[in-house]
Every structure is written in C-alpha cells, then in structure tokens.
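Below: the structure, in structure tokens.
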Amino acid sequence: MGKRRKLGAMLKALLEQYYTVTPVDIGADSRLSKSGMTFTTESYDVEGAGHLCILNMNAMLGLMKMETVVLSSFEKDMPLFNLDWVSAFGNETQIAELYDVQLEPYPQELLDEFTKIKEADSDIADYPSSPAWYDGILYPCTYHKKGKKITERLSAAASGYAETFCRQLAAAPACDAEAKKARVREFAETLFSNGGPAVDQVKKLFGDETARRIIVTHMYGAAQE
Numbered sequence: 041m042g043k044r045r046k047l048g049a050m051l052k053a054l055l056e057q058y059y060t061v062t063p064v065d066i067g068a069d070s071r072l073s074k075s076g077m078t079f080t081t082e083s084y085d086v087e088g089a090g091h092l093c094i095l096n097m098n099a100m101l102g103l104m105k106m107e108t109v110v111l112s113s114f115e116k117d118m119p120l121f122n123l124d125w126v127s128a129f130g131n132e133t134q135i136a137e138l139y140d141v142q143l144e145p146y147p148q149e150l151l152d153e154f155t156k157i158k159e160a161d162s163d164i165a166d167y168p169s170s171p172a173w174y175d176g177i178l179y180p181c182t183y184h185k186k187g188k189k190i191t192e193r194l195s196a197a198a199s200g201y202a203e204t205f206c207r208q209l210a211a212a213p214a215c216d217a218e219a220k221k222a223r224v225r226e227f228a229e230t231l232f233s234n235g236g237p238a239v240d241q242v243k244k245l246f247g248d249e250t251a252r253r254i255i256v257t258h259m260y261g262a263a264q265e
C-alpha cells in the first residue's frame, strides 16, 4: 500500500483554516472495546459551521481497519458530508458521500465540482452497494470505490472532496441553524432506527443506549438539547 492520508486529521486541518475547531469531551465513549473490536471517537464543535466527528475502528489484530468522518453543517445550508475508508485483507474501500439535508436546493454547479473528482477515477471499480433507505437523498456525485494498491489515488480523491466541501462551506450563506439541525437529526435518528452493518455492530456490542449516543450525539452532533 502507498501512503494514506488520515481522513479526520486532513478534514480537521482544512476546517481550521476557516473556523475555530474545539474538542468536545465525550467521556468513556471516546474509546469502546469489546470482542476484539476497538472504536475510538473524537467529537468537535466547529464554531460558525457545525459539528465534526472522527471515528476509527480496529479489528482482527489490525487486519481490518475503518475510519469514518462526518461533517454536519448547522449554520450553513450545506449537504451532510461523510467520508469512509475501510481496509480489509488488502482491499481498500473509499467512500465520499453528500446527502441532501438542506433547507433549500443545493446549486447543481457546486455538485458538479464533486462529480469531476469522481469521474477522474472512472477507471477504478465502483464499490457495489445494496439498496438503502437514504438512496433518495444521496447525491449522484457520491464516490464509492474499491480496489487493491490504489491507496494514493483514494487519498487524493478524499482530499479533493474535503477541500472542495470546505471551500464551498466557507462561501455558503448562513441559514436557520435550528431548522437545519432538525434535518440532520432526522437523518441521524433514521440511520439509528433503520440500522446497517456498522450501526448494527455497534448496537450488538454496546447496546442501544450507547449506540444512540455514538450515532446521534457524537457522529452527527444532532441530539435534542
């Protein structure tokens, strides 16, 4: 494998060019370990923008690793931004997702900037995905790629998405933060309820109460206050 850029550190550094990023103390939830799987979670307040979460998972003595980064913008009317990287037995998967949780439609010309990054890697096989409840709000410019020995290209694509998103975020108009947060909360609660491979695993290992905190509160920063 080539050299991989850590998604969370990269996105946090980009955000710090525009905003004050402050750690949120999440106590014992910052490190959860059971059945050979360890989850570490970092939660940040992004002043004037929203919430950042960096979650890492390590299993099977390092043979399987995952990094998930979520940027929820409450004070700017932006899509919900998710970055995921998974490495398992030599296969790498890189996902960059944008979800329609805006109060107003997002300009197509801004979405097209992400599509250009995706199309530059059209020679890399797409990661096969099953039908999911969020398909109707997942923008087509989303990036799902999988392969071997493509670490540097996957990292470059993730960097491209993150840099483009942060630039658009900085230029985006302010919005009704409470109304926007409610949209993100609806997404997070639906994700928690409907589940999925990662969500179901966290529920199974640590129980519903902890899983809800990890997903709704820490990942998306969308708990009801």
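Just so we're aligned: 95 in this note's numbering is position 55 of the sequence shown, and the numbers increase by one with no gaps anywhere. Heads up, the beta-carbon is just placed ideally off N, CA and C, and yes, glycines get one too. Being a predicted model, the structure only gives us computed values, none of them experimental.
What are the start and end residues of the beta strand (DSSP E) that includes serine 127? 120–128
State the Cα-Cα distance for the pair glutamate 229 and cysteine 206, rounded to the nearest angstrom. 25 Å
Which residues mark the beginning and the end of the beta strand (DSSP E) in which leucine 136 is found? According to the sequence as given, residue 136 is alanine; it is not leucine. Taken as a continuous stretch (DSSP letters only), the beta strand (DSSP E) holding alanine 136 covers 131–139.
Looking at C-alpha atoms only, which residue of Ala128, Ala89, Leu143 is the closest neighbour of lysine 220? Leu143
Which of the three DSSP states, helix, strand or coil, is assigned to glutamate 82? strand
Strand pairing of proline 63, partner residues [DSSP]: Tyr84
Assuming the contact rule is C-beta atoms closer than 8 Å, aspartate 69 and isoleucine 254 should be a hit. Round their C-beta distance to whole Å, please. 6 Å
Presumed contact (8 Å Cβ cut-off) between tyrosine 174 and tyrosine 139, rounded CB distance: 6 Å
Return helix, strand or coil for serine 162, following the three-state DSSP convention. coil
Between isoleucine 157 and alanine 197, which are expected to be in contact by the criterion C-beta below 8 Å, what is the C-beta distance as a whole number of angstroms? 6 Å
Tell me which residues share the same chain as asparagine 98 and place their Cβ nearer than 7 Å to its Cβ, disregarding the 5 neighbours each side in the sequence. Thr78, Lys105
Tell whether a beta-carbon distance below 8 Å holds between threonine 204 and phenylalanine 154. yes
At the level of alpha carbons, what is the spacing between asparagine 96 and glutamine 264? 25 Å
Residues that serine 73 bridges to, as DSSP identifies them: Thr78
8 Å Cβ cutoff, glycine 88 in contact with chain B: Included in the structure is just one protein chain, with no chain B present.
Report back the beta-carbon spacing between tyrosine 179 and proline 119 to the nearest angstrom; my notes put them in contact at under 8 Å. 7 Å
Spatial neighbours of methionine 41 within its chain, please: C-beta separation below 6 Å, excluding the five flanking residues on both sides. Confidence at methionine 41 is low in this model, with a pLDDT of 47, below 50, so the placement of that residue should be treated as unreliable; the coordinate-derived value is given next. Excluding residues within five positions, the ones whose Cβ falls inside 6 Å are Thr191.
Which whole-angstrom value is the C-beta distance of glycine 261 and serine 112, which I expect to be below 8 Å? 5 Å
Taking 8 Å as the cut-off, decide whether the C-beta atoms of glutamate 87 and threonine 60 are in contact. yes
Please report how far the alpha carbon of glycine 90 lies from the alpha carbon of proline 168, in whole angstroms. 31 Å
Which residue or residues does DSSP assign as beta-bridge partners of histidine 91? Asp85, Ser112
Tell me whether lysine 156 sits in a helix, a strand or coil according to DSSP, three-state version. helix
Hey, how far is the Cα of aspartate 65 from the Cα of aspartate 163? 42 Å
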